[in-house]
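Peer 1: Quick note on our numbering: the sequence shown kicks off at 324 and runs consecutively.
All residues carry an ideal CB built from backbone N, CA and C; glycine is no exception.
These numbers were taken from a predicted model, which means no experiment stands behind them.
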Amino acid sequence: MEWWAFFLQSDLFKWGLLPLLIFCGRLCDVSLGTMRVIFIGKGYRFLAPLIGFFEVMIWLLAMRQIMGNLDNLVYMVVYAAGFAMGNFLGIYIEKRLSLGMVLVRVIARDDCGELIDFLRQNKFGITVLDGGGATGPVKLIFSVMERKQVEAYIDLVETFNPGTFFTVEDMRLVHSHFFPVKREKTGRPFIKRK
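1) Who are the near neighbours of VAL497 in its chain, counting only those whose CB is closer than 7 Å to its CB and skipping five residues on each side?
2) So, for ASP334: in the same chain, excluding its five sequence neighbours on each side, which residues have a beta-carbon less than 6 Å away from its beta-carbon?
3) Reducing DSSP to helix, strand and coil, say where ARG495 ends up.
4) Counting along the chain, where does the alpha helix (DSSP H) carrying GLY319 start and finish?
5) Quick check: VAL353 and GLY405, are their CB atoms within less than 8 Å of each other?
6) Can you give, in chain order, each stretch of the beta strand (DSSP E) that sits fully within the segment 449-482 and has at least 3 residues?
7) From this set, ALA385, TYR398, PHE369 and ILE374, which residue's C-alpha is nearest GLY339's C-alpha?
8) If contact is defined by three or more beta carbon pairs under 8 Å, each pair taking one atom from either stretch, is the segment 383-394 in contact with the segment 414-424?
9) Can you check which of these residues, ALA457, ARG470, TYR402 and GLY456, is closest to ILE381 by C-alpha distance?
10) Rank GLY356, TYR367 and GLY456 by C-alpha distance to the C-alpha of PHE376 and give the top, closest one.
11) In chain order, what residues of the same chain have a beta carbon less than 7 Å from the beta carbon of VAL473, not counting five sequence neighbours either side?
12) Can you name, in chain order, every residue of its own chain whose Cβ lies under 7 Å from the Cβ of GLU378, other than the five neighbours on each side?
13) In chain order, which alpha helix (DSSP H) runs of at least 4 residues are fully inside the segment 362-420?
14) If you run the structure through DSSP and keep just helix, strand and coil, what is LEU422?
15) Taking DSSP's pairing of strands, which residues face ILE345 in a bridge?
16) If you drop the 5 nearest sequence neighbours on each side, which residues of the same chain put their C-beta closer than 6 Å to that of THR450?
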């Protein structure tokens, strides 16, 4: 075990491996924290506390090294850099998972019958209302869908009506819904909603 004690005192460990471990630890714990907050907002009441447990364990390990070396500026910088990158990574992961349901509101020109027909033919559930905009009559098209379908939906809208105004809103609860587009199983049996 003498070699281990020697390694822990070496410059390679103090200035190479330990800063890397602090950075990676902070990257992981902040990513988990970002995911936990997102899961809380989406109603995943069992997954959020589990993620929180691992988040805090990693944070404690990283903080232990920082508190033991408060005079080391390098450790503080990599700790802060890990925090910043952890936020970025957490948001990226959440976007890739595409969890939850969204409401897409499209405000299209009144002459968008072809778009409406095409959306219906492609099994998108839509509700269409007549409205009036600043430059004349418009159609308001509402669709509720899984978040992972939004990009394809918006591409269709932009193909038929370039420059169309639309908004996408996260939905926490959808009741008595109708989704004509066949949805794939998520393969995430441990992600439960309340």
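Peer 2: Taking the coordinates as given:
1) MET424 and VAL467
2) none
3) coil
4) The first residue shown for the chain is 324 and the last is 517, placing residue 319 beyond what the model contains.
5) yes
6) 450-456 and 459-469
7) Comparing Cα positions, the closest option is TYR398.
8) no
9) TYR402
10) GLY356
11) VAL425, VAL427 and VAL491
12) ASP352, LEU355, GLY356 and ARG359
13) 370-391 and 396-420
14) coil
15) Looking at the DSSP assignment, ILE345 forms no beta bridge with any residue, so it has no partner.
16) PHE465
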